[in-house]
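Here is the structure we will look at, set down as structure tokens.
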Amino acid sequence: MHASRATTEMTRVSFPKVPNPRVSVLVVTYGAADELSRAMRALAENTEPVFEVVVVDNGSPKPVLDILHEGIDGARVFENGRNLGFGPACNQAAGYARGESLLFLNSDAFVHPGWLPPLLETLESDSEIAAVGPRVLNLDGTLQEAGCLLFRDGRTAFRGFGEDPEKPEYLVPKVVAYCSASCLLVRRRAFHDVGGFDAIYAPAYLEDVDM
22 MHASRATTEM
32 TRVSFPKVPN
42 PRVSVLVVTY
52 GAADELSRAM
62 RALAENTEPV
72 FEVVVVDNGS
82 PKPVLDILHE
92 GIDGARVFEN
102 GRNLGFGPAC
112 NQAAGYARGE
122 SLLFLNSDAF
132 VHPGWLPPLL
142 ETLESDSEIA
152 AVGPRVLNLD
162 GTLQEAGCLL
172 FRDGRTAFRG
182 FGEDPEKPEY
192 LVPKVVAYCS
202 ASCLLVRRRA
212 FHDVGGFDAI
222 YAPAYLEDVD
232 M
């Protein structure tokens with residue numbers, strides 16, 4: 022009863038109907054209802070209508086399903102019924118996508134105004150570029166990553182973690198070892214050419230590094 026009451030009081034999020042989307046925003050959900058609601062609202066409010074939203078749920082509890090089915094308009098939602106892992110669910114979402122490019126977005130990532138055009142501009146500026154990532158900030162406004170580092174022994178690290186995101190070295194495009202799939206724009210053809218995310222990394226972590 023409590024969950025149903027919360028759903029009826031929840032302000033709905035509406036995504037535009039875009040016949041030929043440039044971008045398919047792909048979101049995998051697994052719990053974290055409050056973060057999902059905030060993330061979907063930020064996406065709707067801060068993104069120009071050039072995209073579609075595809076959600077694959079990995080067996081979330083009822084509060085998340087209530088949001089997906091009763092709190093969001095204009096997204097295509099698919100349910101697995103159980104947790105297949107992040108990579109396999111992302112691959113499923115990519116299979117449903119209609120956009121020219123794929124944008125993998127974590128269900129707890131809150132996009133800012135103007136976030137998408139620079140990513141698209143960079144990706145489309147050179148046919149040799151297959152994937153692009155943004156600066157990702159921590160909730161306190163410090164930098165979480167400006168791309169990532171990969172060391173010879175397989176260790177990884179966020180580039181610039183905890184630093185000021187406005188430092189000059191983080192304001193210009195840079196080739197990096199990889200960008201995390203928390204927010205990652207990929208050419209659709211390139212994603213499928215490499216076989217997507219390898220299911221060997223399920224349930225989570227390092228699929229993006231491997232790809």
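Each residue of the sequence shown is one higher than the one before, counting from 22 in this note's numbering.
Idealized CB from N, CA, C, for every residue including glycine.
From a predicted model like this one, the values you see are computed outputs, not experimental measurements.
- Fewer than three beta-carbon pairs drawn from the stretch 170–190 and the stretch 203–218 are found closer than 8 angstroms, and the two stretches are therefore not classed as touching.
- Following the DSSP letters along the chain, one finds F212 inside the alpha helix (DSSP H) bounded by residues R209 to D214.
- Straight through space, the alpha carbons of Y222 and A53 are spaced by roughly 22 angstroms.
- Taking the CA atoms as reference points, C111 sits about 8 angstroms from V48.
- Counting C-beta pairs with one atom in each stretch, the stretch 87–96 and the stretch 112–124 have fewer than three that are closer than 8 angstroms, which means they do not touch.
- Residue environment analysis places F107 among the buried positions, since at least 16 neighbouring C-beta atoms fall within 10 angstroms of its C-beta.
- Excluding residues up to 5 positions away in sequence, L171, T177 and Y199 lie with their Cβ nearer than 7 angstroms to the Cβ of V230 in the same chain.
- Approximately 25 angstroms separates the beta-carbon atoms of N79 and W136; this is outside 8 angstroms, ruling out the contact.
- For S58, the enclosing alpha helix (DSSP H) covers residues A54 to E66.
- Here E190 has no same chain residue with a Cβ atom under 6 angstroms from its own Cβ, once five neighbours each way along the sequence are excluded.
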